[in-house]
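Residue numbers (my numbering), protein chains in the order written: chain P, 1 to 111; chain E, 1001 to 1113. Report on the structure given below.
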């Protein structure tokens, strides 16, 4: 059974800091990995999708990497802003098309 | 392009009452998912549809939950009767296929009192 872990559960940083959010998964047989953002009381917004054959994806100040063999992904946020405050969820998709989520990391960027 | 549309956004009901949630996926997305997200947790799959067929409902509590996807487009998730532990956010997602990733709706926040 696939398990996805995100540690720590919460993170607080000052504005302008570069930061890395970590995600690990137990079964390396994945199709892809997707990072989502969730604002309080809202649904999930897709940030980046990395296929199993890819090593990284970039969008603006966000960069996500994938090391499938070691079961790890990182989401790098450059020059963090208060508007980046949200919960970031990592999810992996396997052969059964099921998306398995971590519990998320709640990020707070202090002005 | 409209995203995944869910309604209602919020619902408060008394325990033992029925409740229904509606989802309209992105046009052309054959795969539709219902997820449940408890407070402080990641979403967990309830049911997956390929067109109108439920291909994975192993996590759906079938004694009180039911779902349908008529004509392979929009879908309804029902709870009858609701229990206090059903309070959660119910998320709908759709996909063209695993390669393309998943798009989620805004969710329905259910509170059972």
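Even for Gly, the Cβ is constructed at its ideal location relative to N, Cα and C.
- Task: Give every residue of the same chain whose Cβ lies closer than 7 Å to the Cβ of residue 1037(E), excluding the five residues on either side of it in the sequence, and list them in chain order.
- Result: Numbered from 1 along the second chain, position 37 holds the residue referred to as residue 1037(E). Closer than 7 Å at the Cβ level, and outside the excluded window around residue 1037(E), lie 1043, 1088, 1089, 1091.
- Beta-carbon separation of residue 1(P) and residue 1056(E) under 9 Å? Here residue 1(P) corresponds to residue number 1 of the first chain, with the count starting at 1. Here residue 1056(E) corresponds to residue number 56 of the second chain, with the count starting at 1. Not a contact, by the Cβ cut-off of 9 Å.
- Task: Taking residue 1113(E) as the reference, give the member of 1007(E), 1017(E), 1009(E) with the closest Cα.
- Result: Position 113 of the second chain holds residue 1113(E). With distances taken between Cα atoms, residue 1113(E) lies closest to 1017(E).
- Between the Cα of residue 20(P) and the Cα atoms of 6(P), 82(P), 39(P), which residue gives the shortest distance? Indexing the first chain from 1 puts residue 20(P) at position 20. If we check each option's Cα against that of residue 20(P), 6(P) comes out closest.
- Query: Going along chain E in order, which residues have a C-beta closer than 8 Å to the C-beta of residue 112(P)?
  - Reply: The first residue shown for chain P is 1 and the last is 111, placing residue 112(P) beyond what the model contains.
- Using the beta-carbon of each residue, which ones in chain P are nearer than 8 Å to residue 1103(E)? By 1-based counting over the second chain, the position of residue 1103(E) is 103. In chain order: 46.
- Item | Where residue 74(P) sits in the DSSP three-state scheme | Counted from its first residue, the first chain places residue 74(P) at position 74. If DSSP states are grouped into helix, strand and coil, residue 74(P) belongs with the strands.
- Message: Going by DSSP in three states, residue 1056(E) sits in which element: helix, strand or coil?
- Response: By one-based count along the second chain, residue 1056(E) stands at place 56. In the structure shown, residue 1056(E) sits in a strand (DSSP, three-state: E or B).
- DSSP state of residue 67(P), grouped into three classes? The sequence position of residue 67(P) within the first chain is 67, counting from 1. Residue 67(P): strand per DSSP, three-state reduction.
- Task: Identify the contact partners of residue 1075(E) in chain P, using a Cβ-Cβ distance below 9 Å as the criterion.
- Result: Residue mapping note: residue 1075(E) aligns to position 75 of the second chain, counting from 1. Per Cβ cutoff of 9 Å: no residues; residue 1075(E) is ~16 Å from chain P at best.
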